[in-house]
Amino acid sequence: MAVQSLPADFYTSFLSKEAKERRPSPIRSLFPLEATPGLISLLVGKPNASTFPFTSLQFTARSPTDPSKETSQTLTGDELAEGLQYGPTAGIPSLIEWVHGLQEKVHGRKKGEGWRVSIGSGSQDIIYKAVHAMVNPGDAVLVESPVYAGVIPIFHTLNNEMVEVATDANGIVSSSLRSILENWPVEKPKPKVLYTVPYGCNPTGMTATVERRREVLALAREHNFLILEDDPYFYLYYGPNPRPPSYFALELEEPEVGRVLRFDSLSKILSSGIRIGFTSGPAPIVNALDGHTATANLQTPSLTQTIVFALLDSWGYDNFLTHTENVSKFYKEKRDVFEAAMQKHLGGLAEWTPPESGMFYWFKLLLPSTSDSDSEGDSEALITTKAFENGVLALPGTAFLPNGRKTAYVRASFSLLSESQVDEALRRLREVILEAQCN
Ligand code: PMP
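Under full-length UniProt numbering, the first residue of the sequence shown carries the number 1, and numbering increases by one thereafter.
Listed below in structure tokens is the structure:
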């Protein structure tokens with residue numbers, strides 16, 4: 001059955017003033033015409049590539065199916081030329097096609113059904129641009145709480161009111177979201193967007209259940225907002241199967257699709273320094289964020305896209321998914337090591353739910369409260385001074401609360417440490433918690 005997509009004009013009210021007022025780049029908007037057969041183009045100021053000194057580029061990568069085997073690839077000719085030259089704003093066509101195929105395979109979303117893809121310099125780049133494409137200064141926005149610290153400054157600089165939606169180990173507490181929306185003041189415009197990290201959330205490590213996701217989608221329809229699904233830990237899932245579907249996949253159950261703008265990242269699975277992320281979502285919104293790219297940085301570097309595409313194309317989707325399974329197994333082992341050390345050192349001193357995806361533990365220190373206003377205690381002084389002095393660094397939970405209120409929570413990342421480092425870090429943390437409990 002054909003998917004029923006929301007019509008393009010539905011998104012007009014979702015575009016920010018900035019996006020609506022931005023005039024298309026006079027040059028970039030004519031790029032597609034250059035492909036007209038027989039045309040002689042005097043259009044773009046592309047440098048003549050014969051003056052570029054690079055003649056070939058070689059890289060070697062481990063095989064996903066046999067890590068002891070390495071394969072080398074050499075980029076030359078047209079492939080290298082594409083990487084060395086300016087390219088389309090949304091990304092090089094081959095990588096965009098590859099992403100379309102991936103989204104169909106993984107999320108069941110077919111090309112040409114009202115959504116499109118744009119490549120960014122990491123997902124952070126496109127999240128920033130997506131927010132600017134949709135949100136006006138001073139708007140209220142819905143954010144899960146605690147929230148990824150990297151989006152707080154995006155909303156802060158737009159002077160947005162971040163309306164915090166409670167989360168628990170099952171994801172966004174939909175009853176709390178419902179109550180916020182049902183009690184929304186009539187004279188105040190309702191939020192256009194909800195930001196969430198539904199797998200292995202940074203910082204809480206939670207993975208939202210399918211039931212919660214369904215409820216949030218139903219609320220998006222009822223109260224007319226779009227979901228910004230920031231999902232860099234999707235491929236790091238190591239919880240029970242079947243895994244919950246993404247919002248991007250789940251909205252196929254809705255009467256009309258088009259309420260989800262999804263952000264993927266290659267940072268945690270291929271390389272964080274290569275800076276490739278991509279968004280998949282309603283074409284009018286993605287067009288608007290491309291408008292931002294066309295004025296801000298023209299495009300994501302062609303060369304990194306060329307390298308990434310060469311690797312992914314040589315793998316094919318099956319090997320890509322084998323690679324991501326290997327990555328998630330790696331993090332599961334790290335999680336298990338961390339969990340064992342948490343139980344050994346912090347049992348009775350902290351509360352937590354083991355994550356099922358990603359690389360973060362979020363735990364609540366059982367501290368004596370210091371005042372009536374912080375009944376759960378405050379992790380900040382203990383973590384930033386006492387723990388640091390005792391040789392262990394972590395992040396106090398307050399960094400993930402838009403209003404910076406005190407909290408007894410702490411975020412610990414377990415991606416890099418060996419078993420002995422984890423053991424020693426949590427032993428040191430135990431010492432300072434015990435000391436704090438005695439004072
Ligand atoms: N979103 C979340 C939730 C993250 O944790 C991160 C990385 N810290 C990003 C976005 C940005 O990732 P990228 O490297 O793709 O820009």
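By construction, the Cβ of each residue, glycine as well, lies at the ideal position given by its N, Cα and C atoms.
In this text, all values refer to a predicted model and were calculated from it rather than measured experimentally.
Starting from residue 413, follow the beta strand (DSSP E) in both directions and report where the run begins and ends.
Here residue 413 refers to the residue found at position 413 of the sequence shown. It spans 409-413 - the beta strand (DSSP E) in which residue 413 sits, taken as one unbroken run.
My output table needs one value for residue 443: the three-state DSSP class, helix, strand or coil.
Lying outside 1 to 439, the shown extent of the chain, residue 443 is not represented and no answer is given.
By the DSSP assignment, the beta strand (DSSP E) with residue 352 in it spans what residues?
The count along the sequence shown starts at 1 and reaches residue 352 at position 352. Counting along the chain, the beta strand (DSSP E) containing residue 352 begins and ends at 350-352.
Three CB pairs or more closer than 8 Å across the region 145-162 and the region 391-404
yes
Would you kindly report the start and end of the unbroken beta strand (DSSP E) that includes residue 150?
Taking the first residue of the sequence shown as position 1, residue 150 is located at position 150. It is not in any beta strand (DSSP E) - residue 150 carries neither H nor E in the DSSP assignment.
Report the three-state DSSP secondary structure of residue 216 (helix, strand or coil).
Numbered from its first residue, the sequence shown carries residue 216 at position 216. Three-state DSSP puts residue 216 in a helix.
Shell residues, 6 Å Cβ cut-off relative to heavy atoms of the ligand PMP:
122, 123, 124, 148, 150, 197, 202, 230, 232, 265, 267, 272, 277
In whole angstroms, what is the alpha-carbon distance linking residue 38 and residue 32?
Counting from one through the sequence shown, the residue named residue 38 turns up at place 38. Counting from one through the sequence shown, the residue named residue 32 turns up at place 32. If you take the alpha carbons of residue 38 and residue 32, they lie about 14 Å apart.
Tell me the DSSP secondary structure of residue 230 in three-state form.
Within the sequence shown, numbered from 1, the residue matching residue 230 stands at position 230. In this structure, residue 230 counts as strand in the three-state DSSP scheme.
Decide if residue 129 is buried, meaning its Cβ has at least 16 other Cβ atoms within 10 Å, or exposed.
Translated into positions along the sequence shown, residue 129 becomes position 129. Flag for residue 129 reads buried.
Using a 10 Å radius around the Cβ and a threshold of 16 neighbouring Cβ atoms, would you call residue 133 buried or exposed?
Residue 133 sits at position 133 when you count from the first residue of the sequence shown. Per the 10 Å Cβ criterion, buried.
Give me the Cα-Cα distance between residue 291 and residue 407, rounded to the nearest whole angstrom.
As a first step, residue 291 must be located in the sequence shown, where it is residue number 291. As a first step, residue 407 must be located in the sequence shown, where it is residue number 407. Approximately 40 Å, taken between the alpha carbons.
Test item: CB-CB of residue 254 and residue 221 under 8 Å:
Indexing the sequence shown from 1 puts residue 254 at position 254. Indexing the sequence shown from 1 puts residue 221 at position 221. Contact: yes.
With respect to the beta strand (DSSP E) encompassing residue 263, which residues constitute its N-terminal and C-terminal limits?
Residue numbering aside, residue 263 sits at position 263 when the sequence shown is read from its first letter. 260-265 is the span of the beta strand (DSSP E), which, as asked, contains residue 263.
Use the C-beta contact count for residue 87: other C-beta atoms within 10 angstroms, 16 or more gives buried, fewer gives exposed.
In the sequence shown, the residue the question calls residue 87 occupies position 87. With 16 or more Cβ atoms within 10 Å of its Cβ, residue 87 is classed as buried.
Using only the alpha-carbon positions, how far apart do residue 426 and residue 355 sit?
Position 426 of the sequence shown holds residue 426. Position 355 of the sequence shown holds residue 355. Answer to the nearest angstrom: the Cα atoms are 17 Å apart.
Taking 8 Å as the cut-off, decide whether the C-beta atoms of residue 83 and residue 349 are in contact.
In the sequence shown, residue 83 corresponds to position 83, counting from 1. In the sequence shown, residue 349 corresponds to position 349, counting from 1. Their beta carbons are not under 8 Å apart, which means residue 83 does not touch residue 349 by this criterion.
Cβ atoms of residue 415 and residue 359: under 8 Å apart, would you say?
Taking the first residue of the sequence shown as 1, we reach residue 359 at position 359. Taking the first residue of the sequence shown as 1, we reach residue 415 at position 415. Yes. Within cutoff.
Backbone secondary structure at residue 32 - three-state DSSP
Locating residue 32 in the sequence shown gives position 32, counting from the first residue. Reduced to three states, the DSSP call for residue 32 is helix.
Please look up how many angstroms separate the CB atoms of residue 122 and residue 265, rounded, as I've assumed it's under 8 Å.
Here residue 122 refers to the residue found at position 122 of the sequence shown. Here residue 265 refers to the residue found at position 265 of the sequence shown. So it is a contact: roughly 6 Å between Cβ atoms.
With three or more C-beta pairs closer than 8 Å as the rule, is the region 382-394 touching the region 426-439?
yes
Residue 425 - containing alpha helix (DSSP H), residue span:
As a position in the sequence shown, residue 425 is number 425, starting the count at 1. Run containing residue 425: 419-438, per the alpha helix (DSSP H) assignment.
Counting Cβ pairs, one atom from each stretch, are 3 or more of them under 8 Å apart for the region 43-52 and the region 271-283?
no
Quick test of the definition: if touching needs 3 or more C-beta pairs under 8 Å, does the region 90-109 touch the region 295-312?
yes
For the beta strand (DSSP E) that residue 164 lies in, which residues bound it at each end?
Your numbering for residue 164 matches position 164 in the sequence shown. It spans 161-168 - the beta strand (DSSP E) in which residue 164 sits, taken as one unbroken run.
Return the bridge partner residues of residue 115 from the DSSP annotation.
Translated into the one-based positions of the sequence shown, residue 115 becomes position 115. The partner list for residue 115 (beta bridge, DSSP) reads 282.
Residue 10 to residue 295, Cα distance in whole Å?
The residue given as residue 10 occupies position 10 in the sequence shown. The residue given as residue 295 occupies position 295 in the sequence shown. Those two C-alpha atoms are separated by around 25 Å.
Close beta carbons around residue 430, own chain, < 8 Å, minus the five adjacent residues each side:
Numbered from 1 along the sequence shown, position 430 holds the residue referred to as residue 430. Answer for residue 430: 345, 346, 349, listed in chain order.
Return the first residue and the last residue of the alpha helix (DSSP H) that residue 330 is part of.
Working through the sequence shown from its first residue, we reach residue 330 at position 330. 302-346 is the extent of the alpha helix (DSSP H) around residue 330.
Run through the region 33-84 for me and flag every whole beta strand (DSSP E) of 3 or more residues, listed as ranges in chain order.
57-62, 70-75
Under the three-state DSSP convention, the category residue 120 falls into
What you label residue 120 is simply residue 120 of the sequence shown in a count that begins at 1. Correct three-state label for residue 120: strand.
Using the C-alpha atoms, what's the distance from residue 329 back to residue 29?
Position 29 of the sequence shown, counting from 1, holds the residue named residue 29. Position 329 of the sequence shown, counting from 1, holds the residue named residue 329. Their Cα atoms are separated by approximately 44 Å.
Per DSSP, residue 144 is paired with what?
As a first step, residue 144 is located in the sequence shown; it is residue number 144 there, counting from the start. Looking at the DSSP assignment, residue 144 forms a beta bridge with 165.
Can you check DSSP and say which residues form a bridge with residue 386?
Residue numbering aside, residue 386 sits at position 386 when the sequence shown is read from its first letter. None, per the DSSP bridge assignment.
Three CB pairs or more closer than 8 Å across the region 169-189 and the region 211-219
yes
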